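When we follow my numbering, the leftmost residue of the sequence shown carries the number 1156, and every step to the right adds one. We put the CB at the ideal spot given by N, CA and C, even for glycine. Quick caveat: nothing in here was measured; it's all calculated off a predicted structure.
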Amino acid sequence: MIRKAVIPAAGFGTRFLPASKSQPKEMLPVVDTPTIQYVVEEAVASGITDILMIIGKGKRAIEEHFDRSTDLERELAAQGKTEELQAIRRISEMANIHFIWQKDLNGLGDAVSYARYHVGSEPFVVLLGDAIIDSPKPVARQLMDVFERYREPVVALEQVERDKVSRYGVIDGKPVTDGLYLVKDFVEKPSPEDAPSTLVIAGRYIFTPEIFEFIDRTKPGKNGEIQLTDAMHMMVATRAMYGLHFEGKRYDIGNKIDFLKTNIELGLKRSDMAEELKAFIKGLAETL
């Protein structure tokens, strides 16, 4: 049983300036909930009880969000706002959440390496803090089911158009069962003509502690960063690794346009606002 998760959330979020100058991009709200809370909720719904967040300078708001806010709780209680009070208390009670600071922003591989003492000898889930995935069964749980069967590392995969593969880590693999692939190799941000497939890593991973050995051996790449995909490239040469083309949809809030689209799509899934939002969109469309 996998109990621990790691959420890297230390990056600057420069594509969201000026909003991310004083507010972490992971705290930008999608509808009315910070992005990173969706990620934590996915982990908790998958059975995770212990979460380590890797944060950096300017990310104190993440710590405060998942801590108790006794003054706010007292105010809500005094106003008789029971529903809001329960929602606020739930945030700090979802899981045991710990924080560690990434001293220098040296890439995703370096960020994950900060978790080695937290996870010890246990397998663990990595969930990127700026990617929301909407799915019937939490994607972390889907990966955990694969791990429990094969006892080998697993990554979440999604299909993208070939002209977009240069944004991602791409797999070379062969089908095992419907949606499941045995990975032969990982390629970080290949050109469209060199990409071995259009299946890309979708921000969710399950690793065994051996990953830290390969991160330690990974040489800095572009911008002097330690890439997690490079460590995985070495790891897959020594042991089996799997990729799961998961059931669900990933919402990438890594840029402003996709962030706006995500707010609209997830807003339309909310029963308390869907009809009003639909009417607004239809009316707006008539003016375009």
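Among the candidates Asp1371, Lys1236, Asp1205, whose CA atom is the shortest distance from the CA of Pro1278?
It is Asp1205 whose Cα lies nearest to the Cα of Pro1278.
At what residues does the alpha helix (DSSP H) containing Ala1350 begin and finish?
Neither: Ala1350 is in no alpha helix (DSSP H) and is coded neither H nor E.
Under DSSP, the beta strand (DSSP E) around Asp1407 begins and ends at which residues?
Run containing Asp1407: 1404 to 1407, per the beta strand (DSSP E) assignment.
In its own chain, which residues sit with a C-beta less than 6 Å from the C-beta of Asp1265, not counting the 5 before and 5 after it?
So the list reads Ile1381, once near-sequence residues are dropped.
Let me know the secondary structure DSSP gives Arg1372 once reduced to three states.
Note: Arg1372 maps to helix in three-state DSSP.
So what's Arg1359 in DSSP terms, helix, strand or just coil?
Arg1359: strand per DSSP, three-state reduction.
If you compare alpha carbons, which of Thr1442, Tyr1323, Ala1434, Gly1275 is closest to Val1160?
Before going further, note that residue 1160 is Ala rather than Val in the sequence given. When each option's Cα is compared against that of Ala1160, the closest is Gly1275.
Taking just the CA atoms, how far does Val1294 sit from Phe1302?
Their Cα atoms are separated by approximately 12 Å.
Please state whether DSSP places Glu1239 in a helix, a strand or coil.
Helix, per DSSP.
Between Phe1369 and Arg1394, what straight-line distance do the alpha-carbon atoms span, to the nearest angstrom?
One C-alpha to the other measures close to 12 Å.
Taking the alpha carbon of Met1389 as the reference point, which residue from Leu1432, Asn1418, Val1338, Leu1439 has its own alpha carbon closest?
Ranking the options by Cα distance to Met1389, first place goes to Val1338.
What residues are listed by DSSP as bridge partners for Asn1261?
Paired residue(s): none; Asn1261 is not in a bridge.
Reducing DSSP to helix, strand and coil, say where Asn1410 ends up.
DSSP places Asn1410 in coil when its eight states are reduced to three.
Thinking C-alpha only, which one of Ala1311, Ala1350, Arg1317 is nearest Phe1362?
Ranking Ala1311, Ala1350, Arg1317 by Cα distance to Phe1362 puts Ala1311 first.
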